[in-house]
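For the sequence shown, this note's numbering gives the first residue as 697, with consecutive numbering after it. For reference, the structure discussed in these notes is given below.
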Amino acid sequence: MSDDVVIQRDNEVIHLKDWGVRVISFDPSSANSVHETTQVGIYGTQTTSSKVGELTLTLVFDFLAGDKYDFELIRLKLLGLFATPGAFYIWSTRVPYLRWKVAVQGSVNIPRYESSDVASNDITVTMVCSDGYAESVATTLDPLTSTGKWGLGMNLTKNPKPEYQFTNTNSFRFFNASNIPLLAEERPVKIHFNGVVGKSLSITNKTTGQTLTINHALKKTDKLVIEGLVPYINGTQIYKDCNHAYLDFMRGWNDIAISGASDFTISFETHFYY
Numbered sequence: 697m698s699d700d701v702v703i704q705r706d707n708e709v710i711h712l713k714d715w716g717v718r719v720i721s722f723d724p725s726s727a728n729s730v731h732e733t734t735q736v737g738i739y740g741t742q743t744t745s746s747k748v749g750e751l752t753l754t755l756v757f758d759f760l761a762g763d764k765y766d767f768e769l770i771r772l773k774l775l776g777l778f779a780t781p782g783a784f785y786i787w788s789t790r791v792p793y794l795r796w797k798v799a800v801q802g803s804v805n806i807p808r809y810e811s812s813d814v815a816s817n818d819i820t821v822t823m824v825c826s827d828g829y830a831e832s833v834a835t836t837l838d839p840l841t842s843t844g845k846w847g848l849g850m851n852l853t854k855n856p857k858p859e860y861q862f863t864n865t866n867s868f869r870f871f872n873a874s875n876i877p878l879l880a881e882e883r884p885v886k887i888h889f890n891g892v893v894g895k896s897l898s899i900t901n902k903t904t905g906q907t908l909t910i911n912h913a914l915k916k917t918d919k920l921v922i923e924g925l926v927p928y929i930n931g932t933q934i935y936k937d938c939n940h941a942y943l944d945f946m947r948g949w950n951d952i953a954i955s956g957a958s959d960f961t962i963s964f965e966t967h968f969y970y
């Protein structure tokens with residue numbers, strides 16, 4: 697494998713190739729499916745629920761240093777990268793538009809190759825992605841034409857082309873390109889709204905049958921943000937002023953309706969998950 701692997705920890709982006717690392721393999725698995733069953737009669741069981749757990753990623757690499765001192769410096773840098781607690785993002789330049797949020801599982805050993813002072817043996821790093829899925833690097837607020845942020849295999853349609861910002865449109869469609877539903881309690885879609893509302897604003901997902909109503913007047917200068925279960929106006933939580941409903945988005949197309957608003961713009965911000 698000649699492709700590079702990139703790691704982002706906090707605000708630092710590290711291309712392993714820049715450290716002299718040669719990636720041998722980078723193999724994300726599928727998520728671990730967990731099924732609960734109950735005995736039905738004498739023969740067989742019935743599945744009562746199915747859930748998705750974590751997934752495991754394995755990175756195998758080696759490196760060749762300039763001399764024995766350089767070897768130790770590279771080893772220290774790699775240990776500092778992988779032995780630091782906390783999660784980080786990792787992705788391959790082969791598919792640069794998908795990333796995994798991971799944490800290292802277990803210890804990382806960086807052995808020499810036989811008696812060499814400059815070459816390492818194969819180094820294996822096992823990581824766990826608690827989210828169970830890769831996420832798109834881009835969000836829906838990034839133009840679909842953004843180079844390197846969108847790509848093949850992301851379930852995006854060309855005709856009609858998905859849109860995620862609408863102005864003075866009371867009925868439109870939202871496309872969830874993920875492999876899973878976007879649930880408000882787990883992977884919420886962040887909704888931004890600016891517009892004029894007299895008494896109340898209602899947003900309905902006809903596909904799921906859900907309606908979220910905000911019982912609060914809004915001026916054009918106000919900023920309404922809905923994050924999962926909680927709405928905010930100009931940064932202040934107003935959960936008491938809504939009907940305590942929420943909006944999920946199924947895979948594929950979702951039919952959305954807006955009522956109670958005029959002179960408005962609404963946008964939907966989310967990553968997609970694969």
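By construction, the Cβ of each residue, glycine as well, lies at the ideal position given by its N, Cα and C atoms. In this text the structure is predicted, and so the values were computed from the model without any measurement.
- Taking C-alpha positions only, L775 is separated from T789 by approximately 22 Å.
- Burial check for E732: the Cβ neighbour count within 10 Å stays below 16, so the residue is exposed.
- In the three-state reduction of the DSSP assignment, D714 falls in the helix class, which pools H, G and I.
- About 25 Å separates the Cβ atoms of N875 and L908, ruling out a contact at the 8 Å cut-off.
- Looking from the CA of A873, the closest CA among W715, T932, T836 and G905 belongs to T836.
- If you compare the alpha carbons of T932, D951 and T752 with that of N728, the shortest gap goes to T752.
- Cβ neighbours of G749 within its own chain (closer than 7 Å, five residues either side excluded): A727, N728, V730 and G828.
- For a cut-off of 8 Å, the C-beta gap from V893 to L914 is around 4 Å, short enough to register as a contact.
- Your pair F968 and M850 checks out as a contact, with CB atoms roughly 7 Å apart and the cut at 8 Å.
- In the DSSP assignment, I952 falls within the unbroken beta strand (DSSP E) covering G948 to E965.
- Shown here for H711: same chain residues with a beta carbon closer than 7 Å to its own, the five before and five after excluded, namely D700 and V702 in chain order.
- A check of alpha carbon separations from I929 across G956, Q801, F889 and G948 identifies F889 as the nearest.
- In the three-state scheme derived from DSSP, where H, G and I count as helix and E and B as strand, R771 is classed as helix.
- In chain order, F871 and N872 place their CB closer than 8 Å to the CB of G948, counting only its own chain and leaving out the 5 sequence neighbours on each side.
- For L751, the three-state secondary structure derived from DSSP is strand.
- Assignment of F968 by DSSP, reduced to helix, strand and coil, places it in the coil class.
- Contact between G891 and A957 is confirmed by a C-beta separation of about 5 Å, below the 8 Å threshold.
- In the DSSP assignment, the residues bridged to I819 are F757.
- Burial check for S867: the Cβ neighbour count within 10 Å stays below 16, so the residue is exposed.
- Straight through space, the alpha carbons of G924 and D959 are spaced by roughly 24 Å.
- Scanning its chain for C-beta atoms nearer than 6 Å, with the 5 sequence neighbours on each side dropped, one finds around L852 the residues A873, in chain order.
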